[in-house]
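Participant:
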Amino acid sequence: MKSFVGKALRWEWRDAVVDLTLDREPANEIGTILLGELEQFAAAMKTFEAETAVCIIASAQKRGFSAGADLRELYRGAIALPEKERNAGVRDFVERCHRVANAIDAAPFVTIAAVHGVCFGGGLELALTCDIIVADKMARFAFPELRLGLIPGFGGIPRLKRDLGNGFVRDLLFTGRSVNAARAQAAGLVAQLAGEGEALKVARATAAQITKFDSTTRATAKKFLKPIPYAELKEEIVLFCQLFERPAVLAALKKFVESTDAMPYLP
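Right under this line is the structure:
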């Protein structure tokens with residue numbers, strides 16, 4: 000399936016490039032609808048991966064690439080379950096997220112995240128599955144999970160450690176503060192810095208260059224350059240679920256859900 004239009008995203012294949020566009024109001028929060036359609040994309044990749052050179056992941060939402068997990072849905076889903084079943088429900092959701100992330104990470108074609116606005120939590124974790132991050136100069140990146148009593152749960156820590164120095168990783172994680180695109184580029188998170196509103200244009204120009212090269216060589220180079228830390232990813236799932244069991248986490252999620260801030264996900 001080379002094209003798809005869903006409730007939360009769409010994709011279209013053209014001339015060896017797939018445009019995957021996130022489009023879920025208000026800020027592409029990753030809940031059951033967006034995750035389900037990402038799963039559809041991951042399954043569909045097998046049908047066109049042999050003739051694909053690049054996949055560009057971008058957002059049609061003005062506020063940014065993605066604000067992360069849909070915490071309201073996560074909280075309401077958790078409290079709706081009997082306490083004994085809560086951990087299993089959360090684990091199932093997190094494991095589904097990991098399967099999608101691993102599929103995108105391991106794709107034989109090159110993946111580019113074209114980022115603008117907020118790229119927080121699970122949104123940053125999705126961007127980290129990509130080979131190249133192109134960022135609008137106004138983009139901001141953060142892992143605010145510690146303020147909820149959690150760690151990133153969709154593969155963020157192992158992938159960030161794979162790509163960057165530990166000093167930057169620890170600062171991003173332990174402070175929960177956002178960093179701007181210029182600092183993210185200086186740390187090596189962002190490969191290319193674009194003007195405001197220009198990230199997708201730059202990503203497409205980059206894709207045009209990538210399509211010139213041999214697909215077998217490209218896939219071989221990617222596999223060699225970018226090993227997937229499967230053991231650490233599995234450990235992250237365990238740690239996330241252990242932390243989620245604590246009453247303090249549900250209390251923090253409840254506070255978030257009841258917030259009247261226009262954008263409560265901002266660190």
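Each residue of the sequence shown is one higher than the one before, starting from 0 at the first, in numbering that gives the first Met the number 0.
Here a beta-carbon is modelled for each residue, glycine too, at the ideal position from N, C-alpha and C.
From the DSSP output, which residues share a beta bridge with arginine 139?
Facilitator: According to DSSP, arginine 139 bridges with Val117 and Asn179.
Participant: Write down every uninterrupted run of the alpha helix (DSSP H) in the region 84-129 whose length is 4 residues or greater and which is fully enclosed by it, in chain order.
Facilitator: Within the region 84-129, the complete alpha helix (DSSP H) runs of at least 4 residues are 121-127.
Participant: Buried or exposed: glutamate 195, going by 16 or more other Cβ atoms within 10 Å of its Cβ?
Facilitator: Counting Cβ neighbours within 10 Å, glutamate 195 comes out exposed, since fewer than 16 surround it.
Participant: Taking DSSP's pairing of strands, which residues face leucine 8 in a bridge?
Facilitator: Its beta-bridge partners are Leu21.
Participant: Reducing DSSP to helix, strand and coil, say where valine 133 ends up.
Facilitator: In this structure, valine 133 counts as strand in the three-state DSSP scheme.
Participant: Rounding to the nearest angstrom, what Cα-Cα distance links alanine 126 and glycine 154 in this structure?
Facilitator: Alanine 126 and glycine 154: Cα-Cα distance of roughly 11 Å.
Participant: Here's the rule: buried if 16 or more other CB atoms are within 10 angstroms of the residue's CB, otherwise exposed. What is phenylalanine 212?
Facilitator: Label assigned to phenylalanine 212: exposed.
Participant: Below 6 Å CB to CB, which residues in the same chain sit around leucine 123 once its five sequence neighbours on both sides are set aside?
Facilitator: Answer for leucine 123: Phe140, listed in chain order.
Participant: Can you tell me whether isoleucine 56 is helix, strand or coil according to DSSP?
Facilitator: Three-state DSSP puts isoleucine 56 in a strand.
Participant: Would you mind stating whether leucine 8 and leucine 21 have Cβ atoms separated by less than 8 Å?
Facilitator: Cβ atoms of leucine 8 and leucine 21: closer than 8 Å.
Participant: Using DSSP with H/G/I as helix, E/B as strand and the rest coil, what is phenylalanine 239?
Facilitator: DSSP places phenylalanine 239 in helix when its eight states are reduced to three.
Participant: Give the straight-line distance between the Cα atoms of alanine 52 and valine 109, rounded to the nearest whole angstrom.
Facilitator: The alpha-carbon atoms of alanine 52 and valine 109 are separated by roughly 6 Å.
Participant: In this structure, does DSSP put isoleucine 29 in helix, strand or coil?
Facilitator: Isoleucine 29: strand per DSSP, three-state reduction.
Participant: I'd like to confirm the pairing. Which residues does DSSP put opposite leucine 192 in its beta bridges?
Facilitator: DSSP output for leucine 192 lists Ala134 as bridge partner(s).
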